[in-house]
Amino acid sequence: MIGNDIVDLALARKESNWKRKGFLDKIFNHDEQLLVANTENPEVMVWNLWSRKEAAYKVYNREIGIRGFIPMQLICFYENEIKGTVSCNGRIYYTETIVTKDFIYTIATAKPDLFSQIKKINSDCKIIKTNGIPFVIDAQTAILSPVSITHHGRFWEGITL
Numbered sequence: 018m019i020g021n022d023i024v025d026l027a028l029a030r031k032e033s034n035w036k037r038k039g040f041l042d043k044i045f046n047h048d049e050q051l052l053v054a055n056t057e058n059p060e061v062m063v064w065n066l067w068s069r070k071e072a073a074y075k076v077y078n079r080e081i082g083i084r085g086f087i088p089m090q091l092i093c094f095y096e097n098e099i100k101g102t103v104s105c106n107g108r109i110y111y112t113e114t115i116v117t118k119d120f121i122y123t124i125a126t127a128k129p130d131l132f133s134q135i136k137k138i139n140s141d142c143k144i145i146k147t148n149g150i151p152f153v154i155d156a157q158t159a160i161l162s163p164v165s166i167t168h169h170g171r172f173w174e175g176i177t178l
């Protein structure tokens, strides 16, 4: 299973006031808030952690099939700006994050060896949904492959296995 999430930093600055009272308390636990408070660039840390939680949530949602707003149940274990894990109700998801001046992009997997199998897809790729979950059909084998799509502001990314 895979998931991904992208944050357009310019749009996030414009539309999301992460400094407003209560925002961090709704999204991040104490340790995550300490990461935000003790980093050189708190804004980037907020969206880095957010992106990891969102990408991991997509994997979790596929596994359990129930949707919900559960950011406090998604706990980030931050190794560094690029790597980490996210736990949710006893499940562990592995994350890899790219941070640029324009966006933060995270891919999450249920198993660390899946990163080597991930392929990008184009936005014009034909995607079908089964029970709300997106898939692509391999034209030669007719096999369904899981897809994760994310878009925010100027950016769109799609991946499959």
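Basically my numbering = 1-based index in the sequence shown + 17.
All C-beta atoms in this analysis are idealised placements derived from N, C-alpha and C, irrespective of residue type, glycine included.
Beta bridge counterpart(s) of residue i as assigned by DSSP
i      : result
Ile87  : Note: Ile87 sits in no beta bridge, so no partner.
Pro129 : Answer is none; Pro129 lacks a bridge partner.
Glu113 : Lys100 and Ile124
Val164 : Thr177
His169 : Phe172
Phe45  : DSSP, once it has assigned bridges, lists no residue as partnering Phe45.
Ser137 : Note that residue 137 is Lys in the sequence shown, not Ser. DSSP output for Lys137 lists Ile176 as bridge partner(s).
Val53  : Bridge partners of Val53: none, in fact.
Of the residues the options, the one placed nearest residue i, counting alpha carbons only
i      : options                           : result
Leu182 : Val24, Ala54 and Arg79            : What is shown of the chain runs 18 to 178, which leaves residue 182 out entirely.
Ile150 : Cys93, Ala29, Thr177 and Ser68    : Thr177
Pro163 : Lys43, Gln90, Ile135 and Ser140   : Ile135
Met89  : Val153, Thr102, Lys70 and Leu28   : Lys70
Met18  : Lys146, Leu51 and Tyr74           : Tyr74
Glu60  : Lys38, Leu26 and Arg84            : Leu26
Lys137 : Gly107, Val116, Pro129 and Glu174 : Glu174
Phe94  : Phe86, Arg84 and Tyr110           : Tyr110
Ala72  : Lys146, Ile121 and Val153         : Ile121
Cys105 : Asn34, Ile92 and Asp22            : Ile92
Val116 : Gly85, Asn58 and Val153           : Asn58
Burial state of residue i, where buried means 16 or more other Cβ atoms lie within 10 Å
i      : result
Phe45  : buried
Glu49  : buried
His169 : buried
Cys142 : exposed
Thr167 : buried
Asp119 : exposed
Thr112 : buried
Ala159 : exposed
Ser133 : exposed
Ala156 : exposed
Gly20  : buried
Ser68  : buried
Asp130 : exposed
Cβ pair count under 8 Å reaching 3, the stretch 82-99 against the stretch 120-135: no
May I ask you to verify whether the stretch 78-87 touches the stretch 56-65, counting CB pairs closer than 8 Å and requiring at least 3? no
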